[in-house]
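**Student:** Taken in sequence, the protein lines are chains C and B.
Taken in order, the first sequence gives residues 0 to 405; the numbers are from numbering that gives the first Met the number 0.
Taken in order, the second sequence gives residues 0 to 206; the numbers are from numbering that gives the first Met the number 0.
We treat Cβ as the ideally placed atom computed from N, Cα and C, and that holds for glycine.
Below is a structure I'd like to ask you about.
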Amino acid sequence: MRFYQRAFRYFCRKKNKSVLLFLCFFITSTMILCGTMVLQTAQATSRSMWEKTGTKIILKDQKGENEIQRELASQFLELPHVTKINRIASHTAYPGDFMPVIVKDDESDQGASVTIQAYDNTEIDGSFAEEKYRLLDGNPIKEDHSGILVNSLLAELNGFQIGDPLTFVAENGNTATGEITGIFFSGIERKQDASIISAYRIENQIFVDHALFETLYGDEGYSSIAVYTDDPENLSSLRQQIEPFVAGDDIDITTSDLLYHQMQAPLEQVIRISSLMLVLIIITAVIVISLLLCMWMRTRTKEMAVFISLGISKGSLFLQAMTESFSLFALSVIGAVVISSLFAGQFMHSLFETYELAVIANAGLSKTHLLTLLLLGSVIVFIAVGISIVQILRANPRNTLSKMEG
Amino acid sequence: MILEAKNVSYFYKAQKDKLILENVNYGFEPGKMYALLGPSGSGKTTLLSLLAGLDIPTKGEILYDGNPITARDLTEHRKHHISLVFQSYNLIDYLTVVENVKLGGQKTPEPILDKMGIGKEFWKRNVLQLSGGQQQRVAIARALASDANVLLADEPTGNLDEATAWDVIDLLKRIAHEEGKCVIVVTHSKELAGSVDIAIRMDQLGK
Numbered sequence: 000m001r002f003y004q005r006a007f008r009y010f011c012r013k014k015n016k017s018v019l020l021f022l023c024f025f026i027t028s029t030m031i032l033c034g035t036m037v038l039q040t041a042q043a044t045s046r047s048m049w050e051k052t053g054t055k056i057i058l059k060d061q062k063g064e065n066e067i068q069r070e071l072a073s074q075f076l077e078l079p080h081v082t083k084i085n086r087i088a089s090h091t092a093y094p095g096d097f098m099p100v101i102v103k104d105d106e107s108d109q110g111a112s113v114t115i116q117a118y119d120n121t122e123i124d125g126s127f128a129e130e131k132y133r134l135l136d137g138n139p140i141k142e143d144h145s146g147i148l149v150n151s152l153l154a155e156l157n158g159f160q161i162g163d164p165l166t167f168v169a170e171n172g173n174t175a176t177g178e179i180t181g182i183f184f185s186g187i188e189r190k191q192d193a194s195i196i197s198a199y200r201i202e203n204q205i206f207v208d209h210a211l212f213e214t215l216y217g218d219e220g221y222s223s224i225a226v227y228t229d230d231p232e233n234l235s236s237l238r239q240q241i242e243p244f245v246a247g248d249d250i251d252i253t254t255s256d257l258l259y260h261q262m263q264a265p266l267e268q269v270i271r272i273s274s275l276m277l278v279l280i281i282i283t284a285v286i287v288i289s290l291l292l293c294m295w296m297r298t299r300t301k302e303m304a305v306f307i308s309l310g311i312s313k314g315s316l317f318l319q320a321m322t323e324s325f326s327l328f329a330l331s332v333i334g335a336v337v338i339s340s341l342f343a344g345q346f347m348h349s350l351f352e353t354y355e356l357a358v359i360a361n362a363g364l365s366k367t368h369l370l371t372l373l374l375l376g377s378v379i380v381f382i383a384v385g386i387s388i389v390q391i392l393r394a395n396p397r398n399t400l401s402k403m404e405g
Numbered sequence: 000m001i002l003e004a005k006n007v008s009y010f011y012k013a014q015k016d017k018l019i020l021e022n023v024n025y026g027f028e029p030g031k032m033y034a035l036l037g038p039s040g041s042g043k044t045t046l047l048s049l050l051a052g053l054d055i056p057t058k059g060e061i062l063y064d065g066n067p068i069t070a071r072d073l074t075e076h077r078k079h080h081i082s083l084v085f086q087s088y089n090l091i092d093y094l095t096v097v098e099n100v101k102l103g104g105q106k107t108p109e110p111i112l113d114k115m116g117i118g119k120e121f122w123k124r125n126v127l128q129l130s131g132g133q134q135q136r137v138a139i140a141r142a143l144a145s146d147a148n149v150l151l152a153d154e155p156t157g158n159l160d161e162a163t164a165w166d167v168i169d170l171l172k173r174i175a176h177e178e179g180k181c182v183i184v185v186t187h188s189k190e191l192a193g194s195v196d197i198a199i200r201m202d203q204l205g206k
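Below, the structure is given as structure tokens:
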């Protein structure tokens, strides 16, 4: 009779013990599964947050001029954990085929000019990211989406619509034409002081992509560069790497990771608590199940000695004990998965209903959770069975049988 | 000689000054039934355990078919060379009669149980539902299910009434004489010892 046949008969015919052990495994499995779901979802959210929170280092020319060298941008991109950069440059330009909004009659050159601001991405930095400006129509400028964004009052004055061409003339005589891809609005256009010269009025702020800007101003540098990282924990290290590039220049370096820390704090707490809970669950399970198995194994000492006297190897006896417990654990995993699938959602919502932790509340059961449960459960079974059977396997079967025979 | 004790001495590790067996030399032949006779503490069960490979002698060696049993794994010796019958039957309580016999070896259990006088109606029952005599017969059937040439029995009639005890002794004799096995029985009953082929008093064996 092979070890699994003996194991199957044992747990089928010793029903009371099997049911009790199954319940222990079931409670343990359910708790591990819930703990794992919380922990792994929190960890995954934390990891994804590293990039999504837009943690960055901002380099800004102190005078607001385009003095940051162009080649620095590509050098920053080669640094470890730098995911992208957002280059920002601005310059006044003359309208080629449209009229700027003019409130006062300015005699200077700037009276008929506009300010063009070049961005790699208007969504993540600048006035749009700070929600000073809102797009009424069209799309923002992004790395893969070039174009021109104009103010709604400027568009109204000139009868512009999305898709219309717009031409600029630089002081050096260069001209560039682009297509309007978005129309924005600030809400404070009419509250501006009439003394503000035209080029600095909100209506005359025009956002363009870098290709158009370069056509007008050639290899001029940038007024600001935002360097994005996917490793917010090492932001200071990245700053140390960047500083030598701009040493001696009049450039301010600031870091922006407030949002990351605000969102990370509750997650870190959840990760710490759920890790601690998992450890406690595992330790408690090992102790309780080991005690239970040790208690039962004392009554099986004679049985084991008889098996040894029949020529059954100690390895086979260990496998039998493992199979008995592991079979019940496997059944408990099925039960825990069913229960978790049915009730985990409600349980999670009741625990994590706050806005910051809503992602965890929506956590579902996945293969990773199940694999973790199987791994941790197997470790518990292995330790508990090992502890309970080691004394019996080490004992001399002759002594055991002698005691039994009186 | 199928089984032989050669210069065997044994003492417990905790009591090195107290020899249980001292320089025991004896050979057992197939087809005969032996009785190891002696008072409690004379070392009968210890010798049986050494012959069974449940323990190893402090000095000397046990030979099976001329080869030391320690030359190979003792588990192999217990599995293929010897089979054991105990005073308290030692059947496995979560297995049926047939399953208990199957534990003994590869032989089909039903003909052996038939031969032991265990009717078909008992085969699927739990062993705890049998009488003491029936349980001992099942234990002997389990011992016969293996191919072992040596059957070792430690006071097999100790828990049985007189009539059943003689039935079991007759059964063991038949096994020795008809199947050619070497049967070694430990007993302190002089009557039982008188009925076997060779009775060995422990004090004759060297201690």
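Go ahead and label residue 65 (chain C) buried or exposed: buried means 16 or more other beta carbons lie within 10 angstroms of its beta carbon, across all protein chains shown.
**Tutor:** To locate residue 65 (chain C), count along the first sequence from 1; it is residue 66. The residue is buried, with at least 16 neighbouring Cβ atoms inside 10 Å.
**Student:** Give the residues of chain B in contact with residue 301 (chain C), contact being defined as C-beta atoms less than 7 Å apart.
**Tutor:** For the purposes of this step, residue 301 (chain C) is taken as residue 302 along the first sequence, with counting starting at 1. Per Cβ cutoff of 7 Å: 89.
**Student:** With C-beta atoms as the reference, is residue 373 (chain C) less than 8 Å away from residue 336 (chain C)?
**Tutor:** To locate residue 373 (chain C), count along the first sequence from 1; it is residue 374. To locate residue 336 (chain C), count along the first sequence from 1; it is residue 337. Not closer than 8 Å, so no.
**Student:** On the premise that residue 182 (chain B) lies in contact with residue 174 (chain B), defined as a C-beta separation below 8 Å, what is that separation, rounded to the nearest angstrom?
**Tutor:** Within the second sequence, residue 174 (chain B) is the residue found at index 175, counting from 1. Within the second sequence, residue 182 (chain B) is the residue found at index 183, counting from 1. Right, the Cβ-Cβ distance comes to about 6 Å (below 8 Å), so this counts as a contact.
**Student:** Hey, residue 151 (chain C) and residue 182 (chain C): beta-carbon distance below 8 Å or not?
**Tutor:** Mapped onto the first sequence, residue 151 (chain C) falls at position 152. Mapped onto the first sequence, residue 182 (chain C) falls at position 183. Their beta carbons are under 8 Å apart, which means residue 151 (chain C) touches residue 182 (chain C) by this criterion.
**Student:** Taking Cβ positions, are residue 111 (chain B) and residue 144 (chain B) nearer each other than 8 Å?
**Tutor:** Looking up residue 111 (chain B) in the second sequence gives position 112. Looking up residue 144 (chain B) in the second sequence gives position 145. Yes. Within cutoff.
**Student:** Going along chain C, which residues have a C-beta under 9 Å from residue 51 (chain B)?
**Tutor:** Position 52 of the second sequence holds residue 51 (chain B). Within 9 Å Cβ-Cβ: 308 and 397.
**Student:** Could you give the first and the last residue of the continuous beta strand (DSSP E) run that contains residue 27 (chain B)?
**Tutor:** Locating residue 27 (chain B) in the second sequence gives position 28, counting from the first residue. Per DSSP, residue 27 (chain B) belongs to the beta strand (DSSP E) from 18-27.
**Student:** Under 8 Å between the Cβ atoms of residue 312 (chain C) and residue 396 (chain C)?
**Tutor:** Numbered from 1 along the first sequence, position 313 holds the residue referred to as residue 312 (chain C). Numbered from 1 along the first sequence, position 397 holds the residue referred to as residue 396 (chain C). No, the Cβ-Cβ distance between residue 312 (chain C) and residue 396 (chain C) is not below 8 Å.
**Student:** What are the residues of the region 97-116 of chain B that lie near chain C, defined by any Cβ-Cβ distance shorter than 9 Å?
**Tutor:** 98, 101, 102, 103 and 104
**Student:** Any Cβ of chain B within less than 8 Å of the Cβ of residue 290 (chain C)?
**Tutor:** Mapped onto the first sequence, residue 290 (chain C) falls at position 291. Judged by the 8 Å Cβ criterion, residue 290 (chain C) is not in contact with chain B.
**Student:** Counting only runs that start and end within the region 108-165 of chain B, where is the beta strand (DSSP E) found for 3 or more residues in a row?
**Tutor:** 149-153
**Student:** From what residue to what residue does the alpha helix (DSSP H) around residue 77 (chain B) run?
**Tutor:** Stepping through the second sequence from its first residue, residue 77 (chain B) is reached at position 78. Its alpha helix (DSSP H) spans residues 73-79.
**Student:** Which residue's Cα is closest to the Cα of residue 154 (chain C): C:69, C:135 and C:198?
**Tutor:** Indexing the first sequence from 1 puts residue 154 (chain C) at position 155. Cα-wise, what sits closest to residue 154 (chain C) is C:135.
**Student:** Buried or exposed: which applies to residue 248 (chain C), given that a residue is buried once 16 or more other Cβ atoms fall within 10 Å of its Cβ?
**Tutor:** Translated into the one-based positions of the first sequence, residue 248 (chain C) becomes position 249. Answer is exposed; the Cβ neighbour count stays below 16.
**Student:** Cβ of residue 337 (chain C) less than 8 Å from any chain B Cβ?
**Tutor:** Within the first sequence, numbered from 1, the residue matching residue 337 (chain C) stands at position 338. No, its Cβ sits nowhere closer than 8 Å to a Cβ of chain B.
**Student:** Quick check: the region 295-303 of chain C against the region 364-371 of chain C, are at least 3 beta-carbon pairs closer than 8 Å?
**Tutor:** no
**Student:** Does the Cβ-Cβ distance between residue 203 (chain C) and residue 113 (chain C) come in under 8 Å?
**Tutor:** To locate residue 203 (chain C), count along the first sequence from 1; it is residue 204. To locate residue 113 (chain C), count along the first sequence from 1; it is residue 114. For residue 203 (chain C) and residue 113 (chain C), yes; Cβs fall inside 8 Å.
**Student:** Which residues in chain B sit within 7 Å of residue 332 (chain C), going by Cβ to Cβ distance?
**Tutor:** Counting from one through the first sequence, the residue named residue 332 (chain C) turns up at place 333. Within chain B, no residue comes near residue 332 (chain C); the closest Cβ sits about 24 Å away, beyond 7 Å.
**Student:** Could you check where the alpha helix (DSSP H) with residue 381 (chain C) kicks off and where it finishes?
**Tutor:** Here residue 381 (chain C) refers to the residue found at position 382 of the first sequence. Note, residue 381 (chain C): alpha helix (DSSP H), 366-393.
**Student:** Compare the C-alpha of residue 168 (chain C) against each of C:97, C:129 and C:227 and name the closest.
**Tutor:** On the first sequence, residue 168 (chain C) is found 169 positions in, with the first residue counted as 1. The residue with the shortest Cα to Cα distance from residue 168 (chain C) is C:97.
**Student:** For residue 41 (chain C), which residues in the same chain have their Cβ closer than 7 Å to its Cβ, ignoring the five residues on either side in sequence?
**Tutor:** What you label residue 41 (chain C) is simply residue 42 of the first sequence in a count that begins at 1. Only 266, 269, 270, 273 and 359 meet the Cβ criterion.
**Student:** Can you tell me whether DSSP reads residue 243 (chain C) as helix, strand or coil?
**Tutor:** Here residue 243 (chain C) refers to the residue found at position 244 of the first sequence. Three-state result, residue 243 (chain C): helix.
**Student:** Quick one: does residue 278 (chain C) have its CB under 8 Å from some CB of chain B?
**Tutor:** Taking the first sequence and counting its residues from 1, the one referred to as residue 278 (chain C) is at position 279. No, residue 278 (chain C) lies away from the interface with chain B (no Cβ there is under 8 Å from its Cβ).
**Student:** Whole angstroms are fine: how far does the CA of residue 179 (chain C) sit from the CA of residue 157 (chain C)?
**Tutor:** Sequence index remark: in the first sequence, residue 157 (chain C) carries index 158 (1-based). Sequence index remark: in the first sequence, residue 179 (chain C) carries index 180 (1-based). Near 12 Å, if we compare the C-alpha coordinates of residue 179 (chain C) and residue 157 (chain C).
**Student:** If residue 259 (chain C) sits next to residue 52 (chain C), beta carbons under 8 Å apart, how far is it from one beta carbon to the other, in whole angstroms?
**Tutor:** Working through the first sequence from its first residue, we reach residue 259 (chain C) at position 260. Working through the first sequence from its first residue, we reach residue 52 (chain C) at position 53. 4 Å between Cβ atoms; contact.
**Student:** Would residue 316 (chain C) count as contacting chain B if we go by Cβ distances under 8 Å?
**Tutor:** Along the first sequence, one-based indexing puts residue 316 (chain C) at 317. So no, residue 316 (chain C) is outside the interface.
**Student:** Give the secondary structure of residue 7 (chain C) by DSSP, where H, G and I count as helix, E and B as strand, and everything else as coil.
**Tutor:** Numbered from its first residue, the first sequence carries residue 7 (chain C) at position 8. Assignment of residue 7 (chain C) by DSSP, reduced to helix, strand and coil, places it in the helix class.
**Student:** Does chain C have any CB closer than 8 Å to the CB of residue 123 (chain B)?
**Tutor:** Here residue 123 (chain B) is taken as the residue at index 124 of the second sequence, counted from 1. Closer than 8 Å: no.
**Student:** Would residue 3 (chain C) pass as an interface residue toward chain B - the criterion being a Cβ-Cβ separation below 8 Å?
**Tutor:** As a first step, residue 3 (chain C) is located in the first sequence; it is residue number 4 there, counting from the start. For residue 3 (chain C), the answer is no, since every Cβ of chain B falls outside 8 Å of its Cβ.
**Student:** Quick one: what's got a C-beta closer than 8 Å to residue 210 (chain C)'s C-beta in the same chain, skipping five residues either side?
**Tutor:** On the first sequence, position 211 is the one that residue 210 (chain C) refers to. Cβ within range, chain order: 145.
**Student:** So which of C:177, C:55, C:69 and C:142 has the shortest CA-CA distance to residue 159 (chain C)?
**Tutor:** Indexing the first sequence from 1 puts residue 159 (chain C) at position 160. For residue 159 (chain C), the nearest C-alpha among the options comes from C:177.
**Student:** What ranges does the alpha helix (DSSP H) occupy inside the region 178-240 of chain C, keeping only unbroken runs of at least 4 residues that lie completely in it?
**Tutor:** 209-216
**Student:** Can you check whether the CB of residue 281 (chain C) is closer than 8 Å to the CB of residue 414 (chain C)?
**Tutor:** This structure cannot settle anything about residue 414 (chain C), because the visible part of chain C is limited to 0 through 405.
**Student:** Can you find the residues in the same chain that come closer than 6 Å, C-beta to C-beta, to residue 108 (chain C), ignoring five residues on each side of it along the sequence?
**Tutor:** Within the first sequence, the letter at position 109 stands for residue 108 (chain C). Residue placement at residue 108 (chain C) is flagged as unreliable, the pLDDT there being 48, under the threshold of 50; the coordinate-derived value follows with that caveat. Residues of the same chain with their beta carbon placed closer than 6 Å to that of residue 108 (chain C) are lacking, with the five preceding and five following residues left out of the count.
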